[in-house]
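S.K.:
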Amino acid sequence: MTTDAARPRRWPIIVLAVVGVAALAFAIGRFSLFSNGPAVPNAADIGFARDMQVHHDQAVQMAMSIYRVTADDDIRALSYDIATGQAAQRGEMFDWLVQWNVPQSGDLMSWMADSDEHAHSAGSAATEDELRAQMGMATDAELAALDSATGTPADCMFLGLMIRHHQGALEMTDAVADLGSIPRVLQVAETMATNQGAEIGAMQSIQNRLGCAG
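Here the sequence shown stands for residues 236 to 449, where the numbers follow my numbering.
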């Protein structure tokens, strides 16, 4: 088990790793996107890249938050994998939008309205907070509570929030699989679905081991 004295020294490692993998993914994106099919994206390709960056940004934030305080080896390994893996994907998606010459932000989830199975409230009277909730994202209050929690309560809080977060991501990957056009986008979405589905199972197993309520 990692000692308290060792944790502060290891904390900068994950910060540097997150920054490094995001930069590397940005560079890789410049060589991988247009070698995989049509270069003209549709609304789903663009919307997925925008919304999943927002989604990944919060996942990285939560993963780094629990990494600082957890004493559970499984959660430390999982949070490191989430932070570095999703930072890399975020960097690549940022580069897609640069290459497509489109803005990095847009209306949340509007692209999903064209999918019968995954239509949401985009374009209606839904607020941004309501849309983020539909994406499985944590509220500001939940993030603040996670930042201040310690011990097993922090671990259980993180697992609950991240499972919900991953479940929201799976709806997005399913929708872009239906609607997207660019092979590299579809390939990355498939990888996300596989990895996050497996992580949900792993987190549920940890919940059971820790006796997390709910």
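Glycine included, each C-beta is placed from N, C-alpha and C at the ideal position.
1) Could you spell out the range, first to last residue, of the alpha helix (DSSP H) harbouring Ala-384?
2) For Arg-325, count neighbouring Cβ atoms within 10 angstroms of its own Cβ and tell me buried if that reaches 16, exposed if not.
3) Considering Cα atoms alone, identify which of Tyr-302, Asp-309, Val-333 is closest to Ala-318.
4) Can you have a look at Asp-275 and say buried or exposed, based on whether 16 or more other CB atoms are within 10 angstroms of its CB?
5) What I want to know is whether the C-beta of Ala-368 ends up closer than 7 Å to one or more non-hydrogen atoms of the ligand ADP.
6) Alpha carbon to alpha carbon, how far is Leu-405 from Gly-432? Give it in angstroms, no decimals.
7) Considering only their Cβ atoms, is the gap separating Gly-282 from Gly-341 smaller than 8 Å?
8) Verify whether the separation of the beta carbon atoms of Leu-396 and Leu-381 is less than 8 Å.
9) Quick check: what's the CA-CA separation for Glu-425 versus Val-411?
10) Do Gln-321 and Ala-294 have their C-beta atoms closer together than 8 Å?
11) When you compare each of Ala-361, Thr-387, Leu-378 to Asp-292 by their alpha carbons, which one comes out closest?
12) Out of Arg-399, Met-344, Leu-445, state which residue places its alpha-carbon closest to the alpha-carbon of Met-407.
13) Does the beta-carbon of Ala-389 have 16 or more other beta-carbons within 10 angstroms, so that it is buried, or is it exposed?
14) How big is the Cα-Cα spacing for Gln-334 and Ile-398?
15) Apart from the five residues just before and just after Val-304, which ones in its own chain have a Cβ nearer than 6 Å to its Cβ?
16) Between the beta-carbon of Trp-346 and the beta-carbon of Ala-279, is there less than 8 Å?
17) If we ignore side chains and look at the alpha-carbon of each, how far apart do Ala-262 and Val-289 end up?
18) For Arg-444, does the count of other Cβ atoms within 10 angstroms reach 16, so buried, or fall short, so exposed?
19) If you reduce the DSSP assignment to three classes, tell me which class Ile-398 lands in.
20) Run through DSSP, which three-state label would Ser-340 get?
M.R.: According to the structure shown:
1) Translated into the one-based positions of the sequence shown, residue 384 becomes position 149. Element bounds for Ala-384: n/a, residue is neither H nor E.
2) Position 90 of the sequence shown, counted from the first residue, corresponds to residue 325. That one is buried.
3) Position 83 of the sequence shown holds residue 318. Closest option to Ala-318, Cα to Cα, is Tyr-302.
4) Walking along the sequence shown from the start, residue 275 turns up at place 40. According to the sequence provided, residue 275 is Val. The question's Asp does not apply to it. It is exposed - the Cβ of Val-275 has fewer than 16 other Cβ atoms within 10 Å.
5) What this structure holds is no ligand at all, so the ligand ADP is not there to describe.
6) Position 197 of the sequence shown, counting from 1, holds the residue named residue 432. Position 170 of the sequence shown, counting from 1, holds the residue named residue 405. A direct Cα-to-Cα measurement between Gly-432 and Leu-405 gives close to 8 Å.
7) Translated into positions along the sequence shown, residue 341 becomes position 106. Translated into positions along the sequence shown, residue 282 becomes position 47. Cβ atoms of Gly-341 and Gly-282: closer than 8 Å.
8) As a working mapping, residue 396 is identified with position 161 in the sequence shown. As a working mapping, residue 381 is identified with position 146 in the sequence shown. Yes. Within cutoff.
9) In the sequence shown, counting from the first residue as 1, residue 425 sits at position 190. In the sequence shown, counting from the first residue as 1, residue 411 sits at position 176. Taking the straight line from one Cα to the other gives about 9 Å.
10) Position 86 of the sequence shown, counting from 1, holds the residue named residue 321. Position 59 of the sequence shown, counting from 1, holds the residue named residue 294. A distance below 8 Å separates the beta carbons of Gln-321 and Ala-294.
11) Mapped onto the sequence shown, residue 292 falls at position 57. Closest option to Asp-292, Cα to Cα, is Leu-378.
12) In the sequence shown, residue 407 corresponds to position 172, counting from 1. Cα-wise, what sits closest to Met-407 is Met-344.
13) The residue labelled residue 389 in the question sits at position 154 within the sequence shown. Ala-389 is buried by the Cβ-count criterion.
14) In the sequence shown, counting from the first residue as 1, residue 334 sits at position 99. In the sequence shown, counting from the first residue as 1, residue 398 sits at position 163. Using only the alpha carbons, I get a separation of about 32 Å.
15) The residue you call residue 304 lines up with position 69 of the sequence shown. Thr-385, Ala-389, listed in sequence order.
16) As a position in the sequence shown, residue 346 is number 111, starting the count at 1. As a position in the sequence shown, residue 279 is number 44, starting the count at 1. One thing to note: Trp-346 has its Cβ within 8 Å of the Cβ of Ala-279.
17) Locating residue 262 in the sequence shown gives position 27, where the first residue counts as 1. Locating residue 289 in the sequence shown gives position 54, where the first residue counts as 1. Interpretation of Ala-262 is limited by its pLDDT of 49, a score under 50 that renders its predicted location unreliable; no figure is taken from the coordinates.
18) As a working mapping, residue 444 is identified with position 209 in the sequence shown. Exposed, because fewer than 16 other Cβ atoms sit within 10 Å of the Cβ of Arg-444.
19) Taking the first residue of the sequence shown as 1, we reach residue 398 at position 163. The answer is helix: DSSP assigns Ile-398 an H, G or I state.
20) The residue given as residue 340 occupies position 105 in the sequence shown. Looking at Ser-340 - three-state DSSP - the assignment turns out to be coil, as it is neither helix nor strand.
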